[in-house]
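Student: Per the UniProt record's numbering: the sequence shown = residues 1 to 556.
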Amino acid sequence: MENFSKMRIPLQDSDIYRKVDYFYVDMNAVIHAATHGNVSPSLMMEDQQRMRRIVTSLLKIFKLVKPKKMMYIGVDGVCPSAKINQQRTRRFRLYKSTTKPGFKPYYKSEEGKCEYTVKKLPIESYDNVSFDPSYISPGTEFMSMMDSELRNWIALQTYEGTWEDCYIVYSGTDVPGEGEHKIYDAIRRMAECDTKVKNENHLVYGLDADLMMLSLITKMPNMYILREKYDHAPHKLAKIKPNPYFSKETGLLHFHGMDYIDFKISDYEVLSMRFLRRIMYSRCIKTSEAVSNDMNKFLFNQNSRNRLTDDFSLLSFLAGNDFLPHLPTVELCNSSFNDLINTYYKMLPKFRGFLTESYKINMSRLQQLMKELSKLELKYFKQKSALEKISEFSDPKKYAKYYYENKCDIDFNNKKAIRKMCYKYHYAPLVSDLAKISTASIKFHKGEPITPLEHLLAITPPNNIQLLPPLYRKLSGPEGKLGEYFPEDFEICEEGKENEWEHVVKLPFLDTKHLSKVARSVNDELKYTNLYKNKPGYTNVYHRRAKDSTNKKSQT
Numbered sequence: 001m002e003n004f005s006k007m008r009i010p011l012q013d014s015d016i017y018r019k020v021d022y023f024y025v026d027m028n029a030v031i032h033a034a035t036h037g038n039v040s041p042s043l044m045m046e047d048q049q050r051m052r053r054i055v056t057s058l059l060k061i062f063k064l065v066k067p068k069k070m071m072y073i074g075v076d077g078v079c080p081s082a083k084i085n086q087q088r089t090r091r092f093r094l095y096k097s098t099t100k101p102g103f104k105p106y107y108k109s110e111e112g113k114c115e116y117t118v119k120k121l122p123i124e125s126y127d128n129v130s131f132d133p134s135y136i137s138p139g140t141e142f143m144s145m146m147d148s149e150l151r152n153w154i155a156l157q158t159y160e161g162t163w164e165d166c167y168i169v170y171s172g173t174d175v176p177g178e179g180e181h182k183i184y185d186a187i188r189r190m191a192e193c194d195t196k197v198k199n200e201n202h203l204v205y206g207l208d209a210d211l212m213m214l215s216l217i218t219k220m221p222n223m224y225i226l227r228e229k230y231d232h233a234p235h236k237l238a239k240i241k242p243n244p245y246f247s248k249e250t251g252l253l254h255f256h257g258m259d260y261i262d263f264k265i266s267d268y269e270v271l272s273m274r275f276l277r278r279i280m281y282s283r284c285i286k287t288s289e290a291v292s293n294d295m296n297k298f299l300f301n302q303n304s305r306n307r308l309t310d311d312f313s314l315l316s317f318l319a320g321n322d323f324l325p326h327l328p329t330v331e332l333c334n335s336s337f338n339d340l341i342n343t344y345y346k347m348l349p350k351f352r353g354f355l356t357e358s359y360k361i362n363m364s365r366l367q368q369l370m371k372e373l374s375k376l377e378l379k380y381f382k383q384k385s386a387l388e389k390i391s392e393f394s395d396p397k398k399y400a401k402y403y404y405e406n407k408c409d410i411d412f413n414n415k416k417a418i419r420k421m422c423y424k425y426h427y428a429p430l431v432s433d434l435a436k437i438s439t440a441s442i443k444f445h446k447g448e449p450i451t452p453l454e455h456l457l458a459i460t461p462p463n464n465i466q467l468l469p470p471l472y473r474k475l476s477g478p479e480g481k482l483g484e485y486f487p488e489d490f491e492i493c494e495e496g497k498e499n500e501w502e503h504v505v506k507l508p509f510l511d512t513k514h515l516s517k518v519a520r521s522v523n524d525e526l527k528y529t530n531l532y533k534n535k536p537g538y539t540n541v542y543h544r545r546a547k548d549s550t551n552k553k554s555q556t
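1. Measuring CB atoms only, is the segment 526–535 touching the segment 456–476, in the sense that at least three cross pairs come out at less than 8 Å?
2. Going by C-alpha to C-alpha distance, which of Gln368, Ile361, Ser336 and Asn338 sits closest to Pro349?
3. Where Val197 and Gly447 are concerned, what is the direct C-alpha to C-alpha distance, given to the nearest angstrom?
4. Under 7 Å: does the beta carbon of Ala209 sit that close to some heavy atom of the ligand GDP?
5. Let me check understanding here. Comparing Cα to Cα, which of Leu515, Gly251 and His256 lies closest to Ile240?
6. How is Lys397 classed by DSSP in three states: helix, strand or coil?
7. Output yes or no for whether 8 Å exceeds the beta carbon distance between Pro328 and Leu430.
8. Determine the closest residue to Met145 out of Lys286, Tyr532 and Thr539, with distance taken between C-alpha atoms.
9. With distances taken Cα to Cα, identify the nearest neighbour of Ile183 among Gly206, Leu475 and Cys284.
10. Quick one: is Leu94 buried, meaning 16 or more other Cβ sit within 10 Å of its Cβ, or exposed?
11. Helix, strand or coil, according to DSSP, for Glu192 in the structure here?
12. Pick helix, strand or coil for Tyr532, following the three-state DSSP scheme.
13. Output the distance between the C-alpha atoms of Glu502 and Pro487, rounded to the nearest integer angstrom.
14. Which residue from Leu457, Ala29 and Gly483 puts its Cα closest to that of Glu178?
15. Using C-beta distances below 7 Å, list every residue in its chain close to Asn38, excluding the 5 sequence neighbours before and after it, in chain order.
16. Would you list the residues sitting across from Val204 in a DSSP beta bridge?
17. Can you tell me the Cα-Cα spacing of Pro140 and Val75, whole angstroms?
18. Which of helix, strand or coil does DSSP assign to His232?
19. Who are Cys493's beta bridge partners in DSSP?
20. Would you tell me roughly how many angstroms separate the C-alpha atoms of Pro244 and Arg151, rounded to the nearest one?
21. In whole angstroms, what separates the C-alpha of Phe92 from that of Gly161?
22. In the DSSP assignment, the alpha helix (DSSP H) including Ile16 goes from what residue to what residue?
23. In angstroms, rounded to a whole number, what distance separates the CA positions of Thr56 and Ala186?
24. Would you mind working out which of Ile341, Val270 and Phe246 sits nearest Met280, comparing C-alpha positions?
25. For Lys286 and Leu318, what's the separation of their Cα atoms in angstroms?
26. Alpha helix (DSSP H) containing Asn306: first to last residue?
27. Going by Cα to Cα distance, which pick from Gln12, Lys397 and Met347 is closest to Leu378?
28. Pick helix, strand or coil for Met7, following the three-state DSSP scheme.
29. Ser304 to Gly320, Cα distance in whole Å?
30. Considering Asn540, what are the terminal residues of the beta strand (DSSP E) in which it resides?
31. If Leu214 and Val65 are in contact, beta carbons under 8 Å, what's the gap, nearest whole angstrom?
32. Taking C-alpha atoms, which residue in Met258, Lys360, Lys297 and His514 lies nearest to Arg352?
33. For the alpha helix (DSSP H) containing Thr143, name the first residue and the last one.
34. Just verifying my parser: in three-state terms, what is the DSSP assignment at Thr56?
35. Rounding to the nearest angstrom, what Cα-Cα distance links Tyr423 and Lys264 in this structure?
36. Could you pull the start and end residues of the alpha helix (DSSP H) that Ile341 belongs to?
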């Protein structure tokens, strides 16, 4: 991965600057940065001020990019069950860390020292309102307000000609699906309807790590990602001492001197997917040069670069994503991922083909790769045995037994215990066991999304139950019908990791069907103001014609 940093280009120096046809905004990145900016939750201000910061930020990036044809704005709606469980772990981990005795909100300096406790803003004219990032979830009062306000603001800007001839597409929090998945679904649909779209310039704004993989698998030749430069990333800004002040000139409240709403064009960079594909392909060819031409000639086919990126995406997901735990010996944040990719490159000529084809996995080739990776796994556990002085790690059979029984709570000798309809364990299987799987019948059954209020119930820890309707609070309480899913005490395994987000939170896995059934049993008693949040929404399209202004609504 060391050469991939070269694909980052300052926005104003990029080939795509002022030439973007389609611009896509993963809106939750904007909402988080504008509403709390990773400063302490105890920093208070009114919701209308947060709303002003949101629309100011959105307008700023629109003017920086100046898309010619369309800007698509995708807000996170209700997500699938696997992501719901991941959201639960994140929120419950924060709940446990903030309820420790003596906890105080603070910012950390580069040296990791606690240097400043954020206090209430000195603005007497405002009704200071506390805010928690958990409020940025489907079904909350804040998101319902924001969704309505943002639609009205977009319509007003359309009428006033702010967008000029550019179409604005808005998919709000009442439309199921994560923002980035809505975006790439829209890209695929447009490409299917009009082949010219594939060759036009597409730019996606967001901070999620999976944007790169999702962009690669679109196969678009001119696909780019827009993001803040590394020293302006959220985790970097979180280390800046908060110094809130109010600007009379703009009417906006600023968190500190490097506030998100003050970013300029020089603070943004573009990641080129074309360049990334080129680097991956050149490394692959270089690795296979020592192999006879008969074995590697498939690498020089016209479609080989696209096939290579599909394989790369598959391997990246094995190293970690929002839906499944990563393989125990492979992580994106260290050199182990390089080992995985280099092993794959060396194995390619032996495969005489790729791991994937038309979104299907060649299980035979994947099995061969897993067998080779299991050698790295043995080396990893031997090193872990020496560091942690656990004798079981030195022997393959012993560490497998230790791993499954201590990490996954599985009876190692009872093979029936691991047969379930979905993967409900906090740790991934060992590579050495995956290597034993020669065939697999993979079938996915489409389900229906749960409602926004059910989603909110699923992810809300005990310290945020005020976000829920009173009847739902009783359901998730210790004596409630769903109390088993919402423990106040649970285990967090640090796994030798310094960062809290890398720790494994051992929460009960949620059965969304059961939760939905129980929640709907009390829906008749809910107030209309709460039930209204469950009303399914639509994607709105806004466009101002040359002589008049119109606002069209279309269902997707």
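Quick reminder that beta carbons are idealized off the backbone N, C-alpha and C, glycines included.
Tutor: By the coordinates alone:
1. They touch, by the three-pair rule.
2. Reading the sequence shown from its first residue, position 349 is the one you call residue 349. Among Gln368, Ile361, Ser336 and Asn338, the Cα nearest to that of Pro349 is on Gln368.
3. On the sequence shown, position 197 is the one that residue 197 refers to. On the sequence shown, position 447 is the one that residue 447 refers to. Annotation: Val197 to Gly447 spans about 31 Å, alpha carbon to alpha carbon.
4. This structure lacks the ligand GDP; in fact it carries no ligand of any kind.
5. Walking along the sequence shown from the start, residue 240 turns up at place 240. Nearest C-alpha to Ile240: His256.
6. Start at 1 with the first residue of the sequence shown, and residue 397 comes out as number 397. It is helical.
7. Sequence index remark: in the sequence shown, residue 328 carries index 328 (1-based). Sequence index remark: in the sequence shown, residue 430 carries index 430 (1-based). Yes, these two residues count as a Cβ contact at 8 Å.
8. Position 145 of the sequence shown holds residue 145. Among Lys286, Tyr532 and Thr539, the Cα nearest to that of Met145 is on Tyr532.
9. Within the sequence shown, numbered from 1, the residue matching residue 183 stands at position 183. Comparing Cα positions, the closest option is Gly206.
10. Translated into the one-based positions of the sequence shown, residue 94 becomes position 94. Buried is the call here.
11. Position 192 of the sequence shown, counted from the first residue, corresponds to residue 192. DSSP places Glu192 within a helical segment (H, G or I) once states are collapsed to three.
12. Position 532 of the sequence shown holds residue 532. Shown here, Tyr532 sits in a helix according to DSSP, grouped into three states.
13. Taking the first residue of the sequence shown as position 1, residue 502 is located at position 502. Taking the first residue of the sequence shown as position 1, residue 487 is located at position 487. One C-alpha to the other measures close to 21 Å.
14. If you number the sequence shown from 1, residue 178 lands on position 178. With distances taken between Cα atoms, Glu178 lies closest to Ala29.
15. Here residue 38 refers to the residue found at position 38 when the sequence shown is read from its first residue. The answer, listed in chain order, is Pro234, Leu237 and Ala238.
16. Here residue 204 is taken as the residue at index 204 of the sequence shown, counted from 1. Tyr24 and Ile225.
17. Reading the sequence shown from its first residue, position 140 is the one you call residue 140. Reading the sequence shown from its first residue, position 75 is the one you call residue 75. Residue identity differs from the one stated: residue 140 is Thr in this sequence, not Pro. If you take the alpha carbons of Thr140 and Val75, they lie about 14 Å apart.
18. Residue mapping note: residue 232 aligns to position 232 of the sequence shown, counting from 1. Here His232 sits in helix by DSSP.
19. Against the sequence shown, residue 493 aligns to sequence position 493. The partner list for Cys493 (beta bridge, DSSP) reads Val504.
20. By 1-based counting over the sequence shown, the position of residue 244 is 244. By 1-based counting over the sequence shown, the position of residue 151 is 151. If you take the alpha carbons of Pro244 and Arg151, they lie about 29 Å apart.
21. Indexing the sequence shown from 1 puts residue 92 at position 92. Indexing the sequence shown from 1 puts residue 161 at position 161. For Phe92 and Gly161, the gap between their C-alpha atoms comes out near 44 Å.
22. Position 16 of the sequence shown, counted from the first residue, corresponds to residue 16. No alpha helix (DSSP H) contains Ile16, which DSSP labels as neither H nor E.
23. Within the sequence shown, residue 56 is the residue found at index 56, counting from 1. Within the sequence shown, residue 186 is the residue found at index 186, counting from 1. Whole-angstrom Cα-Cα distance: 25 Å.
24. Here residue 280 refers to the residue found at position 280 when the sequence shown is read from its first residue. Residue Ile341 holds the alpha-carbon nearest to the alpha-carbon of Met280 among Ile341, Val270 and Phe246.
25. Numbered from its first residue, the sequence shown carries residue 286 at position 286. Numbered from its first residue, the sequence shown carries residue 318 at position 318. Straight-line Cα distance between these residues: approximately 24 Å.
26. To locate residue 306, count along the sequence shown from 1; it is residue 306. Counting along the chain, the alpha helix (DSSP H) containing Asn306 begins and ends at Ser304 to Leu318.
27. Residue mapping note: residue 378 aligns to position 378 of the sequence shown, counting from 1. The shortest Cα separation from Leu378 among Gln12, Lys397 and Met347 belongs to Lys397.
28. Numbered from 1 along the sequence shown, position 7 holds the residue referred to as residue 7. Helix.
29. For the purposes of this step, residue 304 is taken as residue 304 along the sequence shown, with counting starting at 1. For the purposes of this step, residue 320 is taken as residue 320 along the sequence shown, with counting starting at 1. Rounded to the nearest whole angstrom, the C-alpha separation of Ser304 and Gly320 is 25 Å.
30. Residue numbering aside, residue 540 sits at position 540 when the sequence shown is read from its first letter. Run containing Asn540: Asn540 to Arg544, per the beta strand (DSSP E) assignment.
31. Your numbering for residue 214 matches position 214 in the sequence shown. Your numbering for residue 65 matches position 65 in the sequence shown. Leu214 to Val65, Cβ: 19 Å. No contact.
32. The count along the sequence shown starts at 1 and reaches residue 352 at position 352. Nearest C-alpha to Arg352 among Met258, Lys360, Lys297 and His514: Lys297.
33. As a first step, residue 143 must be located in the sequence shown, where it is residue number 143. Per the sequence shown, residue 143 should be read as Met rather than Thr. Unbroken alpha helix (DSSP H) run through Met143: Glu141 to Tyr159.
34. One-based indexing of the sequence shown puts residue 56 at position 56. Secondary structure of Thr56 (DSSP, three-state): helix.
35. Counted from its first residue, the sequence shown places residue 423 at position 423. Counted from its first residue, the sequence shown places residue 264 at position 264. About 44 Å.
36. By 1-based counting over the sequence shown, the position of residue 341 is 341. Start and end: Ser336 to Phe351.
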